[in-house]
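Step one of this worksheet: look at the structure below.
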Amino acid sequence: MKPARLQLDPSTINDSSKPEQTGQIFNVWYSKWTGGETNGRAGLVHAKTRCHVTKDSGYTKADRHVKPGGLNRDKYFCVYFARGCCCNGKRCEYLHRIPTEMDQLPPTVDCFGREKYMDYREDMSGVGSFNKVNRTLYIGRINSMDGNIELKLGKSFGEFGDIERIRIVKSKKIAFITYRLENQAQFAKEAMYGQGLGEDENETLNIRWANEDPDPNARKRKREEEDRAGIESAKRLLKELAAERASEVSEEVSEVEDEHEDEPTEVSTATPRPAIMPKPIISTDSLGLLLKLKEKRKVLREEREKSKGLELGYSSEDE
Amino acid sequence: MTRDRDGAQCKICTRPFTVFKWAPRKGGAFKRTVICLTCARAKNCCQSCMLDLSLGIDLNTRDHLLKMAGESEGGNIEIVHNAKNEVARIYNAEQLDRKFNREDDERGVKTDSGDRAKLLLGKIEKVVEGGKKRKRRDETRNRHDETRKNVNITKGDLLKLCKNLPFNGSLNHIPKNEQIKTFFLFGVNDETTDYSIKEYFGDLLGDRKVIESVFVNTRGKFGFVEFINREIAEMAAKKMKKDGDDKATLFVLNRVPIRVCWAGKTVTSGSDYSNIELDKIGQLVRKQMIKLAKGGEDVKKEVKKEVRKEKRRKVEYKALGDYEID
Numbered sequence: 001m002k003p004a005r006l007q008l009d010p011s012t013i014n015d016s017s018k019p020e021q022t023g024q025i026f027n028v029w030y031s032k033w034t035g036g037e038t039n040g041r042a043g044l045v046h047a048k049t050r051c052h053v054t055k056d057s058g059y060t061k062a063d064r065h066v067k068p069g070g071l072n073r074d075k076y077f078c079v080y081f082a083r084g085c086c087c088n089g090k091r092c093e094y095l096h097r098i099p100t101e102m103d104q105l106p107p108t109v110d111c112f113g114r115e116k117y118m119d120y121r122e123d124m125s126g127v128g129s130f131n132k133v134n135r136t137l138y139i140g141r142i143n144s145m146d147g148n149i150e151l152k153l154g155k156s157f158g159e160f161g162d163i164e165r166i167r168i169v170k171s172k173k174i175a176f177i178t179y180r181l182e183n184q185a186q187f188a189k190e191a192m193y194g195q196g197l198g199e200d201e202n203e204t205l206n207i208r209w210a211n212e213d214p215d216p217n218a219r220k221r222k223r224e225e226e227d228r229a230g231i232e233s234a235k236r237l238l239k240e241l242a243a244e245r246a247s248e249v250s251e252e253v254s255e256v257e258d259e260h261e262d263e264p265t266e267v268s269t270a271t272p273r274p275a276i277m278p279k280p281i282i283s284t285d286s287l288g289l290l291l292k293l294k295e296k297r298k299v300l301r302e303e304r305e306k307s308k309g310l311e312l313g314y315s316s317e318d319e
Numbered sequence: 001m002t003r004d005r006d007g008a009q010c011k012i013c014t015r016p017f018t019v020f021k022w023a024p025r026k027g028g029a030f031k032r033t034v035i036c037l038t039c040a041r042a043k044n045c046c047q048s049c050m051l052d053l054s055l056g057i058d059l060n061t062r063d064h065l066l067k068m069a070g071e072s073e074g075g076n077i078e079i080v081h082n083a084k085n086e087v088a089r090i091y092n093a094e095q096l097d098r099k100f101n102r103e104d105d106e107r108g109v110k111t112d113s114g115d116r117a118k119l120l121l122g123k124i125e126k127v128v129e130g131g132k133k134r135k136r137r138d139e140t141r142n143r144h145d146e147t148r149k150n151v152n153i154t155k156g157d158l159l160k161l162c163k164n165l166p167f168n169g170s171l172n173h174i175p176k177n178e179q180i181k182t183f184f185l186f187g188v189n190d191e192t193t194d195y196s197i198k199e200y201f202g203d204l205l206g207d208r209k210v211i212e213s214v215f216v217n218t219r220g221k222f223g224f225v226e227f228i229n230r231e232i233a234e235m236a237a238k239k240m241k242k243d244g245d246d247k248a249t250l251f252v253l254n255r256v257p258i259r260v261c262w263a264g265k266t267v268t269s270g271s272d273y274s275n276i277e278l279d280k281i282g283q284l285v286r287k288q289m290i291k292l293a294k295g296g297e298d299v300k301k302e303v304k305k306e307v308r309k310e311k312r313r314k315v316e317y318k319a320l321g322d323y324e325i326d
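Quick note, the sequences are listed as chains A and B, same order. Here the first sequence stands for residues 1 to 319, numbered as in UniProt numbering. Here the second sequence stands for residues 1 to 326, numbered as in UniProt numbering.
So this is what it looks like as structure tokens:
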């Protein structure tokens with residue numbers, strides 16, 4: 001694998017390259033204007049840079065922590081890379097490539113590590129919601145619907161992930177693109193925002209999250225997909241459970257005889273054997289621990305109230 | 001780890017809660033809790049990553065599994081629905097708070113999370129086993145549906161619709177027009193996805209980048225594959241075609257027989273047709289597939305070959321499963 005390409009030369013960035021004044025105050029942390037009539041929002045303008053996946057992607061510092069072919073649980077993708085303007089290249093602390101199924105990031109953040117919210121914004125823009133797995137993007141402001149628009153869209157959007165299906169509404173000049181993975185939809189949303197199809201300079205696409213497809217066929221398909229995904233993960237869990245049990249059996253060699261009699265009924269009746277959990281990310285009784293902590297704190301607080309005279313705001317014992 | 005009392009509002013119930021912030025790896029990125037303890041407890045999930053505490057899977061999947069296992073009502077883990085209104089959310093959360101406090105006072109601290117998960121997994125196991133049967137039933141029902149929505153097709157309409165869809169083409173006749181670098185496919189079903197077609201042709205040619213674009217219309221049961229240039233397209237045709245075959249070449253993808261041939265000069269898009277027209281085309285495709293299959297037994301053979309391959313894979317899997325699960 002090659003090192004990530006420098007998408008933007010850092011020497012070309014100077015004081016004058018801050019965005020055009022669209023508000024009253026310039027926020028240096030977000031490099032954005034705020035205040036004023038539109039609160040600093042300039043509306044949709046054509047993006048200055050663009051991400052060329054095959055040319056630009058490569059390894060960065062973040063790849064040191066991700067084994068090739070291994071699961072990635074905590075390294076995020078570079079949002080500037082997606083927009084085509086990362087000036088760190090291989091020294092970037094974030095991944096410079098498109099997401100795959102091996103990138104399993106927590107559902108509370110998107111693939112760039114930005115926090116999701118409970119609800120979508122009213123205009124369906126932004127990071128999105130953690131309540132729903134949304135793999136479909138809405139594409140608006142397409143200039144022309146001539147020729148085979150699906151192939152054109154597939155060419156531009158297929159660069160950022162595996163497209164499952166494309167649906168066009170010709171009369172409204174909009175399209176809906178479903179990706180195989182949610183990560184890829186998030187990446188494509190950021191990468192294609194304000195771009196044109198086939199690098200067309202006169203086109204500025206508006207990309208948002210899609211609402212649920214009301215088509216009965218699509219609904220049926222979605223239900224089936226959910227079933228399949230559910231069964232898939234259940235199988236995985238059962239496998240892990242079985243592996244756990246197998247290791248236990250080998251540990252308790254002497255009890256093998258009893259073990260065999262128990263096993264068929266074991267799944268349905270809760271035998272008091274501990275540690276059946278697929279190991280995980282979180283231990284099973286962390287909730288219990290938290291509750292214990294809460295109890296303890298309650299006791300401590302009561303004690304503190306008794307000895308209020310000595311209290312000085314902070315004391316090290318009760319924390 | 002740092003603690004911040006009332007540091008942020010809970011993303012679910014919007015009440016302030018105690019935020020914890022920590023770095024899992026020294027010098028690494030920080031993690032923080034995003035929902036309050038009450039909401040986390042109600043959903044039995046982690047306050048930071050919102051994965052299920054006992055199963056370690058995301059809540060959507062977990063709720064779906066609960067539903068499949070028939071645990072949604074009166075079960076151990078309740079599926080908590082979120083209110084839309086902010087005041088209602090706060091009210092719900094306060095109710096939950098009260099409920100949990102009462103429970104704690106009555107029973108003290110309980111840690112039956114493991115047993116609960118075990119029970120759930122047992123139920124799910126049954127569902128997974130029963131899943132096969134249910135699926136077969138669904139399939140027969142689907143076939144029923146298809147025959148019912150029979151739309152009348154007149155010949156004139158058909159000709160007009162299929163002007164640019166070469167159902168009688170083949171890979172043997174290389175088009176003279178050098179611009180054409182596209183294949184036409186038909187016979188795809190509802191579950192065929194763009195990327196599965198792309199993967200098939202990419203693997204055939206040894207490189208997925210040689211495919212410019214793919215699009216499949218599941219309603220009309222047809223699609224197109226565009227290659228980056230003419231040479232690649234000819235190479236693909238050479239690899240796929242069978243000698244002495246004057247029909248569109250057959251290949252099987254995930255048990256679905258699909259026929260492929262060279263596309264015409266103009267490539268139509270699915271949006272050129274209305275839904276009714278697409279349904280008509282879909283029916284025509286089915287008829288055409290049957291007609292083409294009558295010439296030889298190749299469809300059955302190909303499907304059987306694929307099924308056999310799949311079965312072999314499944315037997316291996318089953319052997320593994322027997323060993324590991326029981």
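Note that the Cβ used here is the ideal one computed from N, Cα and C, for glycine as well. Source: prediction; values computed, not measured.
Within the stretch 121 to 134 of chain A, the residues whose Cβ lies closer than 9 angstroms to some Cβ of chain B are 130, 131, 132, 133, listed in chain order. Around residue 150(A), the beta-carbon contacts reaching into chain B at under 7 angstroms are 215, 269, 270. Look at residue 191(A) here: in three-state DSSP terms it is helix. With contacts defined as CB atoms closer than 9 angstroms, residue 166(A) and residue 153(A) qualify as a contacting pair. Contact check between the stretch 48 to 61 of chain A and the stretch 3 to 10 of chain A: three or more CB pairs, one atom from each, fall below 8 angstroms, which counts as touching. Neighbours of residue 64(B) across chain A, judged by C-beta separation under 8 angstroms: 226, 227, 229, 230.
Listed as beta-bridge partners of residue 95(A) by DSSP are 77(A). DSSP places residue 182(B) inside the beta strand (DSSP E), whose first and last residues are 182 to 186.
Assigned with DSSP and collapsed to three states, residue 213(B) falls in strand. For residue 12(B), the closest of 177(A), 116(A), 104(A) by C-alpha to C-alpha distance is 116(A). Each of 66(A), 177(A), 119(A) was checked against the Cα of residue 130(A), and the nearest Cα belongs to 119(A). Leaving aside the five residues that flank residue 80(A) on each side, the residues in its chain whose CB is nearer than 6 angstroms to its CB run, in chain order, 86. For residue 194(B), the nearest CB of chain A lies under 9 angstroms from its own CB, placing it at the interface with that chain.
One finds nothing in chain B with a Cβ atom closer than 9 angstroms to the Cβ of residue 174(A); even the nearest lies about 11 angstroms away.
One Cα belongs to residue 258(B), the other to residue 205(A), and the distance between them is close to 34 angstroms. Inside the stretch 258 to 304 of chain B, DSSP marks whole alpha helix (DSSP H) runs of 4 or more residues at positions 275 to 294, from first to last along the chain. Contact between residue 249(B) and residue 260(B) holds, with the beta-carbon distance rounding to 5 angstroms and staying under 8 angstroms.
Within chain B, the C-beta atoms nearer than 8 angstroms to that of residue 165(A) come from 193, 194, 216, 218, in chain order. Each residue's CA atom was taken as its position, placing residue 242(B) and residue 213(B) some 25 angstroms apart. Here the stretch 182 to 190 of chain A does not lie against the stretch 26 to 41 of chain A, with fewer than 3 beta-carbon pairs under 8 angstroms apart. Within 10 angstroms of the beta-carbon of residue 123(B) lie 16 or more other beta-carbons, which makes it buried.
The secondary-structure analysis by DSSP pairs residue 39(B) with nothing; it has no beta-bridge partner. A contact between stretches requires three or more CB pairs, one per stretch, nearer than 8 angstroms, and the stretch 195 to 213 of chain B fails this requirement with the stretch 217 to 227 of chain A. A contact is defined here as three or more CB-CB pairs under 8 angstroms, and the stretch 159 to 175 of chain A meets this definition with respect to the stretch 128 to 147 of chain A. The closest CA to that of residue 97(A), considering only 83(A), 109(A), 108(A), 107(A), is found on 83(A).
DSSP lists 137(A) as the bridge partner or partners of residue 209(A). Contacts with chain B at 9 angstroms (Cβ-Cβ) include residue 217(A).
Counting only Cβ-Cβ distances below 8 angstroms, residue 67(A) has no contacts in chain B at all, with the closest Cβ about 15 angstroms away. Residue 22(B) counts as exposed, since fewer than 16 other beta carbons sit within 10 angstroms of its beta carbon.
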